[in-house]
Every structure is written in C-alpha cells, then in structure tokens.
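Going letter by letter, the sequence shown gives residues 4 to 450 in the numbering used here. Everything below concerns the one structure shown next.
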Amino acid sequence: MSDINRAQIGFISLLKISVPIMVGGLSMTLVNLTDTAFLARLGESELGGAGNAGLLFFLLVVIGMGFATGSQILIGRRNGERKYELIGHLVQHCLLFLLVYGTLLYLILRFVIGYLVPHLVDSEDVGIVIVQFLETRSWGIYFNYINLAFMIFYVGITKTRIIGIVTPLISILNIVLDYGLIFGNLGMPQMGVEGAALASNISEMAGSILLLAYTFIFFKNSEYQLFRKHPISIARYKSIFQLSVPIMIQNFLSITSWFVFFSIIEHMGEAELAASHIVRSLYMVLIIPVFAMGDTSNSLTSNLIGQKNVGLVLPMLRNISILAFATMALLQPIYYVFGKSLFLPFTSSEQIIELGDPVMQVVFTALFPFAIAIMGFRMISGAGKTLVALLIEVFVVSIYLCLAWFISTLPGIQLYQVWLMEFVYFGLFCLLVYAYIWKGNWRESNI
C-alpha cells in the first residue's frame, strides 16, 4: 500500500473515504425512523417502551464502541507505519474484548434486566415492552460487535467502500423484516415489539456474514494477517485501553449531556420538551455527514502521523473542514424550503410546531461551527491525544449546561433562546480545539 500523498488528501479523495461512511449512517438512521413509524401504529406504550429500550441498549454498547474507536486509531497508525501484520493482531484483540464484553451484556439483558426495569420506569406497560425488546435483542449484540470490528478495520486502513455497500443492504433487510415481523406480513409471525428486535438481530447477522465473506474471499487480507491465530498480549490491550478509556468516558458524557439538557428543557413545559425531542431527531440526521467526515479526519491523521507525514495533517484538516462546511451549506435550503413542514411527520400540534420552528432555525445555523469543531476535535483524537479531547469536552459541556440552566430560569425566556447555547458550546469548542492544534504537542504523539 502506497503512502498517502498531497493528492490523496484532496477533496475527491476525502469524499471517497467519507461518502461510504455517510451512506452507512444514513441507512441506519432510516431504519430507526422506520422502526418509529411502524411501532407508533402499535400504540404509545410500544413506541415509548421500544424507544427507551433502544436508548438503554445504546448506553450499554457504547463502552464497546469507545474501545473500538481506540483500536481504530491504532490500526490507522500501524497502517501508516506499514506494519500491516500488526493490524490483524489489533483487530483480533478488539474483537475478543467486544465478544467478552458482549457476553456480559447478553447475560444482563437476558437474565437481569427484567428485575431492573420496574425500578427505572413508572408505567408497567412500558416496562413490559422494554423487557420484551431487550431480552429478544440480547443475542444480536454479538453480531453488532462483529460488524463494528470489521468497520473499524476498514475505516482504519481508509478502505471504506464495502461499508457503503453492506450497510444499506443490512438496512433494507431490516426494514423488510420489520414490516413482516412486527405486523405479521409476508407470511411471517406477528411479533410486535419483539419482531422489531428480532429484525435487527437477523439483519446484523446477515451483515456479519457479508463482511466476513467479502474480507475472506475478495479482500487481500493476507498482509494484515486477519485470519491467523495471534497470542493474547496484555501490553497490546494496555495500549488500546490508554486510548479507549477517555473515548468511553467521552461517549458516556455526550449521552449524559443530552439527558441533562432535556431535563432542563422539561422544567419549561411538556410542549417545549416535545418540540426539542423532534428537533433533536432531525438534528441527528443532519449531522451524519459531519460525523462521517470526522471519522475520515480521525483515520487520516493517524495514518499520516504513522507515515511521518505530519506536515500533511493540517492541509488535510483544512480540506476536510471546507468539505464539511460546504456540506452544511448545502443542507440549509431544507429548512428554508420546507420550514414548519419538517415537523408534520412527528406532530400535528400547532403549539409544538410554533415552539420548534425557531429552534430548528438555530440548529440549522449552528451546523456551521459544529462542522468545524468536530473536524479538529476528531483530528486530535486521531493523533492519539484522546485524554486531551476528553478534557476539552468536559470543560465545554460543563460551561454549556450551566449556561443553559441559567438561561432557562430567567423570566419570560423562550425555548429557542435556551437552544442558542449551541453557539456558545461550539464556539468555545472551536476555540479550545484549534488553540491546542496550533500550540499543542500532538505532532510528537507516540502510540
């Protein structure tokens, strides 16, 4: 594999890496939206219970995701150093950890969750739905993590095309199975909420088979030694954990900050909370391209430092930031063309729409500083400075939540004014991130 040169950090080359990841993110988001639409037809308890179950599932698997991201950074560094044989070691160590941790989660979801849920929710009906969903979803964790291990391998070596092929296929299968298993269509049993969980399991299992088949049959995997037996190395696990633990904490902090923010909004009223949840759902769709380009920034930084091409990191960051900014500009007409119509798939309440419309305008505008902040932030992580990235996020999130709480307590404050704290969040984020990139010691990072 040739080294990454200046031409390969150009706009077209960056898009070749980023677009498959975007397609994967959009595909999985489409599945989530379809799940919501299907389950809404079953009733409020089913919709709310499955939604809470999905959030709880994500909270549990996020530790594994953090470990995988740390492994991805090391894979990128070894790929840049042309130590390809060590990449197989890293993938296997990552997969082993994920499967062991996945087994712990399986046991919790299969045998313990039924005793915990009644203490977490007030509604008995919602609690039953949560338990049904998670007990069925439990064995799918293994395939979820197998797919994750393949994903971080391909992103780490910057060969992402297969992600853009397999993920949409998984999503299409998931939607078809949802339609069949939730409602009893297409000759399948009617399983309701459990059908949604089973559909996810089967589609992820199919994804694992496709990724394994492609990697074993079509991909030149021999130089990476993916399918050779490697001894377990405590030192290798130590190096992965040094990078991963800050990312695990960071992921948990990110989820927690949303929870705290919505708790602040809840004190303003139920309509304000409902409007904010709808805005957040759309927000998560809009930022998929940013996260895909952030993954690209992360992986290329790791590769370039491994190649001793540190001088190309900042030009790469400049180009990926321009792409991210331009992509956010292309999304702006969505709001100005559709406006309040964006809320109609979610609600018909005039009050919620009127509350949410100015918030939506805030969010669309905040996409610009968000894009720039994330590119730099993910570059710092890609350089191996995950602890620095964590400290930046802890500081910024603390300021953000304190200001949001203070603003929300002022008399006569409007919902959109609380959401304006997004600009404080991303503005401060940009300031600290790029100050570190300018003055920090990320260039000498050894991992």
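Think of the CB as a built atom: it goes at the ideal place given N, C-alpha and C, for glycine as much as any other residue.
My assumption, with CB atoms under 8 Å, is that residue i sits in contact with residue j. Please give the rounded CB distance.
i, j, result
"A152", "L101", "6 Å"
"G387", "S448", "4 Å"
"T72", "S247", "7 Å"
"S30", "T170", "5 Å"
"I149", "L99", "Actually they are not in contact, since the Cβ atoms of I149 and L99 sit about 11 Å apart, beyond 8 Å."
"R80", "G309", "4 Å"
"N301", "I15", "With a Cβ gap of about 20 Å, N301 and I15 do not count as contacting."
"G28", "F294", "6 Å"
"V158", "L108", "Between L108 and V158 the Cβ distance is about 23 Å, and since that is not below 8 Å, they are no contact."
"F221", "F230", "In fact, because the Cβ distance is near 14 Å, the residues do not count as touching under 8 Å."
Closer than 8 Å by C-beta to residue i: which residues in its own chain qualify, once you throw out the five before and the five after it? Chain order, please.
i, result
"H92", "Q228, H233, S236 and R239"
"A199", "D38, F41, L42, A53, F136, D181, L184 and I185"
"S352", "A274 and A277"
"L487", "The structure shown does not extend to residue 487, since the chain spans only 4 to 450, so no value can be given for it."
Which residues in the same chain have their Cβ closer than 7 Å to the Cβ of residue i, if we skip the five residues on either side of it in sequence?
i, result
"L176", "S206 and A209"
"A438", "none"
"L393", "P249, I252 and Q253"
"L201", "T139, L184 and M194"
"L431", "V399 and I402"
"V365", "Y419, W422, L423 and E425"
Give every residue of the same chain whose Cβ lies closer than 6 Å to the Cβ of residue i, excluding the five residues on either side of it in the sequence, and list them in chain order.
i, result
"V421", "A407, I410 and S411"
"I173", "S206 and G210"
"P23", "T163, R164, I166 and G167"
"I243", "G73 and S74"
"I90", "I78, R81 and Y227"
"N263", "Sequence check: residue 263 is Val here, not Asn. Result list for V263: L404, in chain order."
"A56", "I133, F136 and L137"
"I267", "A407, W408 and S411"
"E3", "No statement about residue 3 is possible, as the shown extent of the chain runs from 4 to 450 and does not include it."
Can you tell me whether residue i is buried or exposed, with buried defined as 16 or more other CB within 10 angstroms of its CB?
i, result
"C433", "buried"
"D298", "buried"
"E49", "buried"
"A216", "exposed"
"P292", "buried"
"E269", "exposed"
"H2", "Absent from the structure is residue 2, since the part of the chain shown begins at 4 and ends at 450."
"N188", "exposed"
"P372", "buried"
"V196", "buried"
"E47", "exposed"
"V391", "buried"
"L110", "exposed"
"E396", "buried"
Do residue i and residue j have their C-beta atoms within less than 7 Å of each other?
i, j, result
"Y428", "Y403", "yes"
"S203", "G143", "yes"
"M382", "T304", "yes"
"N254", "G69", "yes"
"M363", "I323", "no"
"G130", "V120", "yes"
"I281", "F349", "yes"
"V436", "A376", "yes"
"A274", "I355", "yes"
"N82", "N224", "no"
"I12", "M271", "no"
"F146", "V94", "no"
"V134", "G117", "yes"
"A374", "M424", "no"
"L289", "L334", "yes"
"L315", "L17", "no"
Exercise. Give, in chain order, every unbroken run of the alpha helix (DSSP H) that is at least 4 residues long and sits entirely within the segment 17-102.
Key: Runs found: 47-83.
Quiz item: Which ranges would you report for the alpha helix (DSSP H) in the segment 314-348 if only whole runs of at least 4 residues count?
Solution: Listed in chain order, they are 316-341.
Self-check item: beta strand (DSSP E) runs wholly inside the segment 223-254, at least 3 long, in chain order
Solution: none
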